[in-house]
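Asker: Sequence positions in the sequence shown follow the numbering used here and run 563 to 1154.
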Amino acid sequence: MPKKSLHMKILLWGWAVMLCALLLTFWFYYGTVAEELANSSEQDTSRLLNYVRGQISKSEEVPGTSAFQGQVTQLGHALGIRITYIKDGKVLADSEVQEKRLPKLDDHSNRPEVIAAEASGSGENIRFSKTLDTRMLYVAKTMNKEGEFLRLALPYSVIGDRLDRVKTHFAVTLLLIAMGSALLLIYIGKRTSAAVTEISATARAIGEGDYNKRIRIIPGGEYQLLADSVNTMARKIQGHIEIIEDQKNKLDAMFDNMKEGIMVLDTDGKIESVNNSMTEIVPETKDSKGRMPLEVLTRHEIQDSVDAIINNSNSTKSDSIILDFPDGRSLNVTVCSFNDSSNRRKLILVFHDISEVRRIEMILRDFVSNASHQLRTPLTSIKGYTETIIDNPPQDAKILAKFLNIILENANHMSKVITGMFALARSEYSGKKLRSEPTSLNGTILHSINNLTKIAAAKNIQIIKGIIPDELVVGTDEGLIQIFENLLENAIKYAPENSSVKIETKLEEGSITTKIIDEGPGILPSDAERIFERFFKLDENAVENGSSGLGLAICRSLVRNFNGDIWVESPANTSTGTGSAFCVKLPVADGE
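1. Between the C-alpha atoms of T1140 and A1053, what's the straight-line distance to the nearest angstrom?
2. Touching or not, the region 1060-1076 and the region 998-1007, by the rule of three or more beta carbon pairs under 8 Å?
3. Where does the unbroken beta strand (DSSP E) through I1085 begin, and where does it stop?
4. Strictly by DSSP, which residues pair up with T730?
5. Taking F817 as part of the alpha helix (DSSP H), name the residues at either end of that continuous run.
6. Could you compute how far the alpha carbon of S977 sits from the alpha carbon of P940?
7. Quick one: grab the DSSP three-state call for L581.
8. Output the boundary residues of the beta strand (DSSP E) element that contains T627.
9. Please classify D1080: is it buried, with 16 or more other beta-carbons within 10 angstroms of its beta-carbon, or exposed?
10. Among residues of its own chain, excluding the 5 on either side of R1118, which ones have a beta-carbon nearer than 7 Å to its beta-carbon?
11. Who are the near neighbours of S628 in its chain, counting only those whose CB is closer than 8 Å to its CB and skipping five residues on each side?
12. Only counting the same chain, and skipping five residues up and downstream in sequence, which positions put a Cβ closer than 6 Å to that of V826?
13. Taking contact to mean at least 3 C-beta pairs separated by less than 8 Å, is the region 613-630 in contact with the region 702-720?
14. Going by DSSP, which residues form a beta bridge with I855?
15. Let me know if K960 comes out buried or exposed under the rule of 16 or more other beta-carbons within 10 Å of its beta-carbon.
16. Can you give me the start and stop residues for the alpha helix (DSSP H) that T1006 sits inside?
17. Please name the residue in I1078, T948, N954 whose C-alpha comes closest to that of I969.
18. Check the DSSP bridge columns for K652 and list the partner residues they point to.
19. To the nearest whole angstrom, what separates the beta carbons of G823 and F913, a pair I think is in contact under 8 Å?
20. I'd like the span of the beta strand (DSSP E) that includes I688, first residue to last.
21. Return the CA-CA distance between A1104 and R1122, expressed in angstroms with no decimal places.
22. Determine the closest residue to R1092 out of E1131, N901, M816, G1126, with distance taken between C-alpha atoms.
23. Would A1057 pass as a contact of G1028 if the rule is Cβ separation under 8 Å?
24. For V836, name the three-state secondary structure that DSSP assigns.
25. The beta strand (DSSP E) with N894 in it runs from where to where?
26. Only counting the same chain, and skipping five residues up and downstream in sequence, which positions put a Cβ closer than 6 Å to that of A715?
27. If you draw a straight line from the alpha carbon of G685 to that of S602, how long is it in whole angstroms?
28. Give me, in chain order, the residues of the same chain whose beta-carbon lies closer than 7 Å to that of L788; leave out the 5 immediate sequence neighbours on both sides.
29. Quick one: measure Cβ to Cβ for F711 and I648, integer angstroms, because I've assumed they're closer than 8 Å.
30. Report the residue from L747, V895, L585, L1112 whose alpha carbon sits nearest the alpha carbon of W575.
31. Determine the closest residue to L610 out of A815, T950, N672, A640, with distance taken between C-alpha atoms.
32. For D669, which residues from the same chain have a beta carbon less than 6 Å from its beta carbon, with the 5 sequence-adjacent residues on both sides left out?
33. So is R906 buried or exposed if we call it buried at 16+ other beta carbons inside 10 Å?
34. Nearest by alpha-carbon distance to A1018: which of P1000, D1032, E999, K1055 is it?
35. From which residue to which residue does the alpha helix (DSSP H) around Q865 run?
36. Using the beta-carbon count (16 or more within 10 Å), is I1045 buried or exposed?
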């Protein structure tokens, strides 16, 4: 709770003393007024009593009779007072009591006013009346006959009402004085403390970061030094803050615009902050403040490195970790420690996305491996036949032509292998899916059939196309033609002469499945599991048949790019145990 100023304390004490003085004055005044009102009421009642005493003395009515009771009642009602006639303590008449109830009234000889009147001729008393159920002022006097008393009673509320009015007037006056003095107190307090409040508010604003604030109002010379000191301090702090903010803005710009993800850990190894690139590389770090790296990255390698550096207070080394994720991303994480301005040990983790580098390395590695594996045999064959022709040229032209044809076939095979490897590399390692669009399934299948008509006719194979739905599918013309040409070419290649290749389609919910069915020897279950692998060949004489071993691998890669699926069912004809059915499932294009 804030402390009150010295000026305010003095004013409050003065206000309290004034109110106490007013209350004491009222207390004495109220007592005096109450006493004077009581005396005045007693005098008035005594005068009335003398008047009533005279009227009764002149009356010829005998006390205790009904006529006397009627006279007393009439006189009491006319004067607005209670009249009681008492003899030897017995009430003979009462203006407020019915005549039949008079015998039931208590003995009045022991009433204080009656006792006083018996002793001195008159008496007064204020007390509560059970008969009238109110507080009354009683005045009694002796009559001419011994033992007889005349008593008058007035409601004390007459006096109480006058006292209440006095209290009300004083309370209103006291309230007005208190309010007026309070307003005056507030005005004086504000005038006195305005300058000091200005100094305090300015100092508080400077402390809260508003360094443009200055003390303008100075209450007196004794505050000049304080005001000058606060203003000088504000100017110096403002200069330092501007330098710090400029440096901070530069660091923030660098921090937020770095391609590398940055994660800062506090002294407990919990995440303190991350930059924008970090949330792009690992979206789970967006609201990760206060959590452990293991909770966000779910990789124990980073947590182990962080724990090792934190637990070794003398360690200044950094650690580098390579993380490979199931989605194909690769991150190079560097963990190093630093001390903050309070010399507390913290850690900074730098995440560098090396997915592209790793992808290129994988492409090169696979390409070299595949090329060396697939080109070794045809190169050896070409070299062998070429050396034979050079060292020992065949005299027979037919033999020479045969050798040259073998060299040409191997060269063509090498060209096809290299072309297939490039196509597969583009499909699998492009880093993004091929751009697809609504494509006519019927149109691409017809195009593929037309391209292979001559090959099918050479073996007298009939290509039978069933009814194909009009719906468009997800894909591209070039991609789908390449898929169906590969599958149809394989079907023609392995189908016996004078047979047929069937094309069947089935429209399902959200997709269309196309089957290329041949009447060939079929595929063993063990081979069916590997048939879509690159360079896998069912025929050992692949070079002679012109097969690169990449056709089905390319088909699978393209189909997956179009969010589809491809598989083989063999045997296609369960009764004969022959034939194969290559199935391609493609999603129906949206809106079609």
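Using N, Cα and C, we set each Cβ at its ideal position, and we do this for glycine too.
Answerer: Checking against the coordinates, here is how it stands:
1. 13 Å
2. yes
3. It is not in any beta strand (DSSP E) - I1085 carries neither H nor E in the DSSP assignment.
4. In DSSP, T730 forms no bridge with anything.
5. 786-819
6. 11 Å
7. helix
8. Per DSSP, T627 belongs to no beta strand (DSSP E) and is neither H nor E.
9. buried
10. F1094, I1128
11. E661
12. E834, S835, I910
13. yes
14. With the sequence shown as reference, residue 855 is identified as Pro, and Ile is not the correct amino acid for it. Looking at the DSSP assignment, P855 forms no beta bridge with any residue, so it has no partner.
15. exposed
16. 1003-1013
17. T948
18. K649
19. 4 Å
20. 684-691
21. Only weak support exists for where A1104 lies, its pLDDT of 47 falling under 50; the coordinates are left without a value.
22. E1131
23. no
24. strand
25. 892-901
26. R644, M698, Y700
27. 15 Å
28. I761
29. 4 Å
30. L747
31. A640
32. G651
33. exposed
34. K1055
35. 862-873
36. buried
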